[in-house]
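> Here our numbering is used: the first residue of the sequence shown is 254, the next is one more, and so on.
All C-beta atoms, glycine included, are put in the ideal place defined by N, C-alpha and C.
Questions regarding the structure given below will be posed in turn.
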Amino acid sequence: MNNIVLCENNKLVAQVAKLSGMNSIEAAESLSALEKFTTTDFRKIRRADKQGKDEGNVKILNKFMHKMPAYDGDIYRGMSFSEKSIKSFIQQLKPHGDYTLDSLTSFTSDPKIAETYSGHCYQVVIRVKHNHSGVSISDFSAMYSESEVLVPKGTKYEVTNVPKEVKLGKVNYVDLEEISIEGNNFEHN
């Protein structure tokens, strides 16, 4: 590792430690887990979280999200569906019903970025008004240009708007508002 990279890494560790109250070892572990999540291992980490497995990166990322200040603003998640899967997804979203994240999930603070992730078939962007649980990781992510906000498993939303018809080749917005987070009394620092 060259001195420039080492110096930058030390600055990030210090920044995470200051924002979160973690010590430098915990902050460095958090940055390592974030690097894995934002590059090669995001599917593996999400799968482990969804299945409730005792996986080290999941624990570290949950601690990181618990300790860091919440992102203040609206967040978005682009999703692409086939004809069959969009019908199933929309059927589970009832106006004034609830929607709960089954694993830690990436959102973005930029609606245009979410639209690029919505694909080309049945395009959906989930728009969350007034985020309370998600943590901005854009300063620490390998994919910093994505304006990423990481939201913990168990975050519960009220469905406030579902399109009457999801149109092929058009970005369709689903609106949610955060209600709470299920599980271990998740509060931010």
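T292 lies in the alpha helix (DSSP H); which residues open and close that run?
It is not in any alpha helix (DSSP H) - T292 carries neither H nor E in the DSSP assignment.
> Once you ignore the five residues that flank T358 on each side, which residues in its own chain have a CB closer than 6 Å to its CB?
Cβ within range, chain order: V404.
> Sort out for me which residues DSSP pairs R330 with in a bridge.
I379.
> Determine the burial state of Q376: buried for a count of at least 16 other Cβ atoms within 10 Å of its Cβ, exposed for fewer.
So Q376 ends up on the buried side.
> Determine the direct distance from the alpha carbon of P416 to that of E336, and round the result to whole angstroms.
In a straight line, the C-alpha of E336 is about 15 Å away from that of P416.
> Residues in its own chain within less than 6 Å of S433 by CB, not counting five upstream and five downstream?
Same-chain partners within the cutoff: K409.
> For the beta strand (DSSP E) that F360 lies in, which residues bound it at each end?
From DSSP, the beta strand (DSSP E) with F360 extends over 358-361.
> How far does the alpha helix (DSSP H) with V311 in it extend, from its first residue to its last?
Where V311 is concerned, the enclosing alpha helix (DSSP H) stretches over 309-320.
> Let's see if you can read the secondary structure: which residues bound the alpha helix (DSSP H) around K409?
Premise fails: K409 lies in the beta strand (DSSP E), 408-414, not in any alpha helix (DSSP H).
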